[in-house]
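Asker: Protein chains in written order, with the numbering used here: chain A, 19 to 256; chain B, 19 to 256. C-beta atoms are modelled at their ideal positions from N, C-alpha and C, and glycine is treated no differently.
2 protein chains.
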Amino acid sequence: MSEAAIIVIGNEILSGRTLDRNSNFIAKRCFEIGIKVSTIIVIADIKKEIQKAVIKLAKLYDHVFITGGIGPTHDDVTTEAIASAFKRKLILNKKAKELLEKYYDKRNIELNESRMKMAYLPSNSKLIYNPISAAPGFKIKNVWVMAGVPSIMQEMFTSFIEPQIKKGKKIYTRNIDIFEPEGDIAKKLELLQKKFSKAELGSYPFIRGETVGTNIVIKSRQKVLVNKIYFKIKLMFQ
Amino acid sequence: MSEAAIIVIGNEILSGRTLDRNSNFIAKRCFEIGIKVSTIIVIADIKKEIQKAVIKLAKLYDHVFITGGIGPTHDDVTTEAIASAFKRKLILNKKAKELLEKYYDKRNIELNESRMKMAYLPSNSKLIYNPISAAPGFKIKNVWVMAGVPSIMQEMFTSFIEPQIKKGKKIYTRNIDIFEPEGDIAKKLELLQKKFSKAELGSYPFIRGETVGTNIVIKSRQKVLVNKIYFKIKLMFQ
């Protein structure tokens, strides 16, 4: 099964200014297409940190998805960091330049030096298109680099990345609310997990006003097994 | 300056089922009290993974804040993982047992074997109290372990952790919306960053309906400097 890591880059996440929703979006999509996200890390806009993380995770996982830090300002250091991680030079990508020219020309905006920076990509990388603001992301080896703005990132992921990656076998999932506290059902749940080792049972306590309960999530590659456990749990607790 | 790492534990985050808000809460609070969060990682409910992450991050940072996986069910493996990371045994903590007994007695709920599991903590760890469901978190060396349920985690952090940790020097911050796209102001912003190296300038593009703009965040330990740059930017762009 394909395994993936997500790297979210940005000081704004680490200072709490911004709630990261990008990793949740990617994680959900990966789950849908049968790719297992094994870790998510958030790091600062610091070249060395990014470099270190990319080198390590690109070796460990089939895919590394990166968001943030590919814009035109001084704090956008992701592209440079990734180029140096793979010992590649930043070179002017003609297709990227063309896209930017067309985009800014149409809007009567100057394609100045800062914006041109976005057309310099690691050598031998492939563009990830961005219909919203034209600035492209890129792919290098098993690393996919996307913008940090959620609308742009989502477009890049669903329109350009998903069609290009090999989907895994779908993981089926059902979940069920039990209106008993976790501690009351723990033993039975554990036995169930031991009995059905081809499924994964997750248990998530909730408090909704006065109501205390547990949401049980059943996951498996075998649809029949998910349904079987689902009805077993229904019988046991409801 | 104190530096911290946050470890979020849970399959539900990695599958996209749950949007992690805990790390954002901790990051915000840390920023407020002058502690720098340098990294956030999300990992699965797998003992070995947790162990590895804790050993590594506890060495690198002043504080490690952990959320998730300390409940009574089979997928709660955090406590065990951390005990083995520090080569400690899990022993019955009398105070934890007492708190659980009192809590369940009052509610006429059985303190069964699954629930008693929560009273077994690594030897020589200190309790982090939890007024909501009584099950305690714990501190071992520089590692603070909290529940994953947001309301409980927040209570543990603000009521019991914050009063115990040494606050850093406050970081002052102001932000300002510029109604120009990032690419137009990048050069000027870069010069400003170079001129004022004791401050950190972050630049975050936004799209709000038809409006394109940039939110600039100014951060520094020097309040006067933050204000100075704020008014400089106001004059330059507004």
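Answer yes if the region 58-73 of chain B comes into contact with the region 31-40 of chain B, meaning at least three C-beta pairs across the two stretches below 8 Å, and no otherwise.
Answerer: yes
Asker: Compare the C-beta of B:Arg192 against all C-beta atoms of chain A and say whether one is closer than 9 Å.
Answerer: Output row for B:Arg192: interface = no.
Asker: So, does the CB of A:His92 fall closer than 9 Å to a CB anywhere in chain E?
Answerer: Here chain E cannot be found, since the structure's protein chains are A and B.
Asker: Under the assumption that A:Ile203 contacts A:Leu219 (Cβ atoms under 8 Å), give the Cβ distance between them as a whole number of angstroms.
Answerer: Contact flag wrong, Cβ pair sits at about 11 Å.
Asker: Could you tell me whether any Cβ in chain A is nearer than 9 Å to the Cβ of B:Asn148?
Answerer: no
Asker: Between the alpha carbons of B:Val55 and B:Lys187, how many angstroms are there, rounded?
Answerer: 14 Å
Asker: Buried or exposed for B:Asn126, going by 16 or more other Cβ atoms inside 10 Å?
Answerer: When all chains shown are included, B:Asn126 counts as exposed.
Asker: State the beta-bridge partners of B:Asp195 as determined by DSSP.
Answerer: B:Asn233
Asker: I want to see whether chain A comes within less than 9 Å of B:Phe197, judged by CB atoms only; does it?
Answerer: no
Asker: For A:Tyr147, which of helix, strand or coil comes out of DSSP?
Answerer: coil
Asker: Classify A:Thr91: buried if its beta carbon has 16 or more other beta carbons within 10 angstroms, exposed otherwise.
Answerer: buried
Asker: Kindly list, in the order they appear in chain A, the residues whose Cβ is closer than 8 Å to that of B:Lys30.
Answerer: First, the residue type needs correcting, since residue 30 of chain B is Glu and not Lys in the sequence shown. In chain order: Gly220, Tyr222 and Val235.
Asker: Determine the direct distance from the alpha carbon of B:Pro168 to that of B:Gln182, and round the result to whole angstroms.
Answerer: 20 Å
Asker: Determine the extent of the beta strand (DSSP E) in which A:Ala217 is found, giving its start and end residues.
Answerer: Ala217 to Arg226
Asker: Please tell me whether A:Gln182 has its Cβ less than 9 Å away from any Cβ of chain B.
Answerer: no
Asker: With which residues is A:Ala88 paired in a DSSP beta bridge?
Answerer: In the sequence under discussion, the amino acid at residue 88 of chain A is Ile, which differs from the Ala named in the question. Assignment of beta-bridge partners to A:Ile88 by DSSP yields no partner.
Asker: Is B:Phe43 close to chain A, meaning its C-beta is less than 9 Å from at least one C-beta of that chain?
Answerer: yes
Asker: For the region 86-118 of chain A, which residues have a CB atom closer than 9 Å to at least one CB atom of chain B, in sequence order?
Answerer: Gly89, Pro90, Thr91, His92, Asp93 and Asp94
Asker: For a quick check, are the C-beta atoms of A:Phe178 and A:Phe43 less than 9 Å apart?
Answerer: no
Asker: Between B:Glu228 and chain A, is any beta-carbon pair separated by less than 9 Å?
Answerer: With 9 Å as the cut-off, B:Glu228 does not count as an interface residue toward chain A.
Asker: Report the residue ranges of all alpha helix (DSSP H) runs contained in full by the region 111-191 of chain A; include only those spanning at least 4 residues, in chain order.
Answerer: 112-124, 131-134 and 168-173
Asker: Closest to A:Lys107 by CA distance: which of A:Lys77, A:Leu207, A:Ser132 and A:Ser143 is it?
Answerer: Out of A:Lys77, A:Leu207, A:Ser132 and A:Ser143, A:Ser143 has the C-alpha closest to the C-alpha of A:Lys107.
Asker: Is it buried or exposed for A:Gly227, if we count other Cβ within 10 angstroms and need 16 for buried?
Answerer: exposed
Asker: So, at 8 Å on beta carbons, what are the nonlocal neighbours of B:Pro199 in its own chain, with the 5 sequence-adjacent residues on each side left out?
Answerer: Pro223, Val230, Gly231 and Thr232
Asker: Looking at the structure shown, is B:Thr96 part of a helix, part of a strand, or coil, going by DSSP?
Answerer: helix
Asker: Pair every Cβ in the region 153-172 of chain A with every Cβ in the region 237-249 of chain B, then say whether three or more of these pairs are closer than 8 Å.
Answerer: no
Asker: Given a threshold of 16 other Cβ atoms within 10 Å of its Cβ, counted over all protein chains shown, does A:Glu173 qualify as buried or as exposed?
Answerer: Of the other Cβ atoms in all chains shown, 16 or more fall within 10 Å of the Cβ of A:Glu173; this residue is therefore buried.
Asker: Is the shortest distance between the beta-carbon of B:Ile179 and the beta-carbons of chain A less than 9 Å?
Answerer: Chain A contact via Cβ: absent.
Asker: Evaluate B:Ser132 with the Cβ neighbour count: other Cβ atoms within 10 Å of its Cβ, from every protein chain shown; 16 or more gives buried, anything less gives exposed.
Answerer: It counts as buried.
Asker: Using a cut-off of 7 Å between C-beta atoms, extract the partners of B:Thr57 located in chain A.
Answerer: Ile59, Val60 and Ile61
Asker: If you measure from the beta carbon of A:Gln211 to each beta carbon in chain B, is any gap under 9 Å?
Answerer: yes
Asker: Can you name, in chain order, every residue of its own chain whose Cβ lies under 8 Å from the Cβ of A:Arg47, other than the five neighbours on each side?
Answerer: Phe175, Thr176 and Glu180
Asker: Going straight from the alpha carbon of A:Lys185 to that of A:Ile51, what length do you get?
Answerer: 5 Å
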